[in-house]
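Read through the structure below, which is laid out as structure tokens, and then see the notes.
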Amino acid sequence: MKTLQDPKQLDPAIENLEELQSKFSKNKPLIFLDFDGTLAPIVENHEDAGMDDETRKIVKKLSQKYAIAVVSGRGLSDVREKVGLTDIYYAGSHGFEIAGPNNFEKDNEEAEKMLPVFNEIEEKLQQKLKVIDGVRFERKKFTLAIHYRQVAEEKVSEFHKIIENEVENYPKLHKGDGKKVVEIKPNIDWHKGKAVNFLRKELSEEENPFSIYLGDDTTDEDAFREMENGIGILVGEHANDSYADYRVENIEEVKQFLNALL
């Protein structure tokens with residue numbers, strides 16, 4: 189069973205490439221990649237994020253050799269557009285909407301029933317958060333992200349309190365925290381880890397296929413925890429302990445690691 193570790197104590201993946209490559213040669217892995225902070229730099233405005241050409245070329249080459257899925261908190265259409273590759277799978281909105289080649293599509297049926305609730309809470313929070321400068325809303329199909337990277341430090345506590353007070357009125361929703369973003373999601377037992385397990389069954393005929401997951405945020409911990417037969421790699425670090433097995437420092441090391449898979 190996976191155990192939590194201090195991210196600073198995780199073994200560096202780049203320094204252990206030889207050992208990792210020996211594992212890959214015996215077990216052809218399924219590859220799961222977060223987007224923001226893993227394939228693309230974190231930026232002030234989430235809509236400005238993007239992969240560089242080098243990263244896109246690496247992922248495209250990998251997709252010719254391995255089954256690949258990009259697993260993101262972004263909406264499905266958004267992350268598909270930003271990655272721009274047609275022959276891989278995508279899990280958007282933390283896995284509530286999944287799509288892939290040959291017109292494959294799968295939305296979470298329970299979440300679909302809650303779309304009117306999201307419309308309602310989004311409108312209320314838009315009104316209540318007007319008093320705080322720098323708040324940016326990002327509506328996805330099944331989640332609502334509220335970014336506060338540009339909110340003044342002395343206003344952050346008030347920002348969280350307004351959201352918490354409103355979400356308490358909606359038992360079908362819950363509030364999650366990421367890097368300078370609050371995510372309001374359906375209160376359903378579904379997350380990136382569940383989405384990864386769903387995709388593992390789609391992408392492989394093996395019962396428990398060997399897998400690799402790279403991600404940088406607390407929301408990726410659900411996926412790391414599922415890597416019983418595989419490897420979780422944390423990009424950088426976040427404020428909490430991690431279920432990852434290794435870490436890389438930044439996106440440059442992500443590219444170095446993915447190149448090693450080639």
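Anchor point for the sequence shown: position 162 equals 350 in the working numbering, and the numbering is continuous, going up by one each time.
Note that CB positions come from ideal geometry on N, CA and C, so glycine has one too.
Nearest-angstrom Cα separation, counted from residue j out to residue i
{"i": "Asp224", "j": "Val267", "result": "9 Å"}
{"i": "Glu341", "j": "Glu390", "result": "44 Å"}
{"i": "Pro217", "j": "Tyr277", "result": "15 Å"}
{"i": "Glu308", "j": "Lys301", "result": "13 Å"}
{"i": "Gly418", "j": "Ile320", "result": "43 Å"}
{"i": "Glu297", "j": "Glu310", "result": "21 Å"}
{"i": "Asp222", "j": "Leu303", "result": "25 Å"}
{"i": "Asn204", "j": "Ser210", "result": "10 Å"}
Anticipated Cβ contact below 8 Å, residue i with residue j, distance rounded
{"i": "Arg413", "j": "Ala201", "result": "About 18 Å separates the two Cβ atoms, so there is no contact after all."}
{"i": "Ile372", "j": "Val355", "result": "6 Å"}
{"i": "Ile350", "j": "Val370", "result": "That pair is no contact at about 10 Å."}
{"i": "Lys363", "j": "Arg337", "result": "In fact, because the Cβ distance is near 17 Å, the residues do not count as touching under 8 Å."}
{"i": "Asp194", "j": "Asp408", "result": "That belief does not hold up - the Cβ atoms of Asp194 and Asp408 are roughly 16 Å apart, past 8 Å."}
Exposed unless 16 or more other CB atoms sit within 10 angstroms - verdict on residue i
{"i": "Ser213", "result": "exposed"}
{"i": "Thr191", "result": "exposed"}
{"i": "Met189", "result": "exposed"}
{"i": "Ala228", "result": "buried"}
{"i": "Asp275", "result": "exposed"}
{"i": "Phe306", "result": "buried"}
{"i": "Pro374", "result": "buried"}
Chain B contact for residue i (CB, 8 Å cutoff)
{"i": "Asp224", "result": "Included in the structure is just one protein chain, with no chain B present."}
Contact test: residue i Cβ vs the ligand ATP heavy atom, cutoff 7 Å
{"i": "Thr274", "result": "This structure does not include the ligand ATP; it has no bound ligands of any sort."}
Next on the checklist: Taking 8 Å as the cut-off, does the segment 280-288 touch the segment 229-249 (at least 3 CB pairs, one atom from each stretch)?
Outcome noted: No, the segment 229-249 is not in contact with the segment 280-288.
Next on the checklist: If we require 4 or more residues per run, which alpha helix (DSSP H) segments fall completely within the segment 293-317?
Outcome noted: Those alpha helix (DSSP H) runs which fall completely within the segment 293-317 and span 4+ residues are 297-300, 303-316.
Item to check | Contiguous beta strand (DSSP E) assignments of at least 3 residues, all confined to the segment 190-260 | outcome: Look at the segment 190-260 and you find these whole runs of beta strand (DSSP E), each 3 residues long or longer: 218-221, 256-259.
Checklist entry - Does the count of Cβ pairs from the segment 438-450 and the segment 243-257 closer than 8 Å reach three? => result Segments in contact, yes.
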